[in-house]
Each structure stands twice: as C-alpha cells, then as structure tokens.
Amino acid sequence: MASSNKLKNVLMLVFDWILYGAGVADHCQVTVTQPRFQQADSSMNSVSLTCTFSASGCSSSSPEVLWFRYLTNTHQDLCTPGCTDNQKYKVQSSDNNILLEIKDLTVNDSALYICGIAFSNSDSPLSKQTGDGTVLTVTEPEKQHSNGKLIAMIIVSTLLFLYSSAVLTSFVVYKVKPKLLKKCGKDQRENKINSGRKVFRAIAQELQKQRYVRHCQQPDALEDDTVYQNR
Numbered sequence: 171m172a173s174s175n176k177l178k179n180v181l182m183l184v185f186d187w188i189l190y191g192a193g194v195a196d197h198c199q200v201t202v203t204q205p206r207f208q209q210a211d212s213s214m215n216s217v218s219l220t221c222t223f224s225a226s227g228c229s230s231s232s233p234e235v236l237w238f239r240y241l242t243n244t245h246q247d248l249c250t251p252g253c254t255d256n257q258k259y260k261v262q263s264s265d266n267n268i269l270l271e272i273k274d275l276t277v278n279d280s281a282l283y284i285c286g287i288a289f290s291n292s293d294s295p296l297s298k299q300t301g302d303g304t305v306l307t308v309t310e311p312e313k314q315h316s317n318g319k320l321i322a323m324i325i326v327s328t329l330l331f332l333y334s335s336a337v338l339t340s341f342v343v344y345k346v347k348p349k350l351l352k353k354c355g356k357d358q359r360e361n362k363i364n365s366g367r368k369v370f371r372a373i374a375q376e377l378q379k380q381r382y383v384r385h386c387q388q389p390d391a392l393e394d395d396t397v398y399q400n401r
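For the sequence shown, the residue numbers in this note's numbering are 171 to 401.
(1) CB LEU282 to CB VAL305, shorter than 8 Å?
(2) Could you pull the start and end residues of the beta strand (DSSP E) that ASN267 belongs to?
(3) Taking its Cβ as the centre, do 16 or more other Cβ atoms sit within 10 Å of SER218, making it buried, or is it exposed?
(4) Just the C-alpha distance for GLU271 and ASP302, rounded to the nearest angstrom, thanks.
(5) Skipping 5 residues on each side, what residues in its chain have a beta carbon closer than 8 Å to that of HIS245?
(6) Inspect the CB distances between the segment 226 to 235 and the segment 247 to 265 and report whether three or more fall short of 8 Å.
(7) In this structure, does DSSP put ASP368 in helix, strand or coil?
(8) Between which two residues does the beta strand (DSSP E) carrying GLN209 extend?
(9) Within its chain, find whatever has a CB closer than 7 Å to the CB of PRO311; leave out the 5 residues flanking it on each side and keep chain order.
(10) Starting from GLU234, trace the beta strand (DSSP E) in both directions and tell me its first and last residue.
(11) Based on the DSSP output, what are the partners of VAL261 in its beta bridges?
(12) In its own chain, which residues sit with a C-beta less than 6 Å from the C-beta of LYS298, not counting the 5 before and 5 after it?
(13) Going by other Cβ atoms of all chains shown within 10 Å of its Cβ, with 16 needed for buried, is VAL261 buried or exposed?
(14) Can you give the Cα-Cα distance for SER224 and GLN199, rounded to whole angstroms?
(15) Kindly indicate which three-state DSSP category SER216 falls into: helix, strand or coil?
(16) Take TYR259 and list the residues in its own chain whose beta-carbon comes closer than 8 Å to its own, dropping the five residues that flank it on each side.
(17) Going by CA-CA distance only, name the one from LEU338, ASN267, GLN257 that's closest to THR222.
(18) Going straight from the alpha carbon of PHE207 to that of CYS285, what length do you get?
(19) Residue range of the beta strand (DSSP E) that GLN204 falls in?
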C-alpha cells in the first residue's frame, strides 16, 4: 500500500513536470496601459478614464479591476474592487477595456489615477500589474474668460466704428466744403447783383416818375404866361 502511494506521488511529479515543460503551468502575464494625460472641464459634470490590459497564459476568468488615486502627499483606494463612493465613481468593463467614470466633476478631482488588473487565482508574480497612471487635470469653465473676450471685442468694435465714422465725416467735409463755400460765394454775389439791380431800377423808376410829373405840369405854365401876355 505504501509502495503504491509512493508510485502515485512520483507519477504526479512527472505529470507536473510534463505540464510545465509543455507550457501548461501557470505563466500568467498581464500588461496594463493608460493614457498619460487627460484634461476635462468641470462644466462637463463627468469624465471617463480609460484603461486597457492584455493577458497571456492566464485563466479565462475575469480579473479584478482596481483603481487608485494619488494626490500630492497621499493616495486613496477608489475601487478595490468595490468603489468606496458609488455615487462618485463607477467602473465599467468591456472585453479588455476598463472605464472609470468620475461624476460631479470639480477641480479637486485633479490627481494621478492608476488602474490595476489582478488574476487572483494565479500565483504568477506577473498576474497582478498596474498601469503608469493617468494625470487628470480639471479646469474651471471658461465662461468668465469668454465674457471678458466678448466685452473686449465689443469695445474694440465700437472704437473702430467711431474711428471709421470720424474719418468718413472728415473726408466728406473735405470734399464737400469747397463746393459749399463756392456755392455760398456765388449766391452772395448774385444777391448783391440782384440788390444793385433793384436799387438801380428803383432809381430809374423814380427819375422817370419825376420827368413825367414835370412834363405834365409844363403846358399849364405856358398857358398861364400866354394868357397874361394877351391881357
């Protein structure tokens, strides 16, 4: 009985050695990749960080997905694998792509986010790997900057309009003023000529009137002298 047990153990060792030589032994190796940088606006309300992994020689079971966040001096376990705040963080998996959705986005969410993949049923040291991390930068909305740019554009446009109007007015005055002065001088000369003509005409009429009066009075005077002589 003892000899049969020894033979069984030897056969198991030989079988393990054969499997190891054939590459069936545990050689699970995981590689994790992440984008180095990602930028988001807090007005977006949410953002998704991507993580892609590849596995060779690992079991067909789904791996555990881990997410960590590193701040300036501390680190936080976000989802290991359960998320600490389900309202804030949510993990979505599709084949070899992992997404970490961050909701209620603020500037305080700026940090280094690291994705980890682990095949817990494997003893291989390479079955548990992390990515290099994604630096997320969350910025404030550019509404104020946009308003400032809009106001500046309005001011510049107004100044340009006033300047163009002034230049156009000066050009019109420069072109039209000589004609107006010439016309005004001509009108003044015509008025003076007309006034002189009127005065001359009045004098002529007055002289003609006086001559008419004298002509009408002269026969009476002659008649008187004739009558006096006859007497």
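Backbone N, C-alpha and C define an ideal beta-carbon position, used for all residues, glycine too.
In short, the structure shows the following:
(1) yes
(2) 267 to 273
(3) exposed
(4) 18 Å
(5) PHE238, ARG239
(6) yes
(7) The sequence given here places Lys at residue 368; Asp does not occur at that position. Of the three classes helix, strand and coil, the one that applies to LYS368 here is helix, per DSSP.
(8) 207 to 211
(9) ASP211, SER212, SER213
(10) 234 to 240
(11) LEU270
(12) ALA288
(13) buried
(14) 8 Å
(15) strand
(16) TRP237, LEU248, CYS249, CYS253, LEU270, GLU271, ILE272, LYS273
(17) ASN267
(18) 14 Å
(19) Taken as a continuous stretch (DSSP letters only), GLN204 belongs to no beta strand (DSSP E), as it is neither H nor E.
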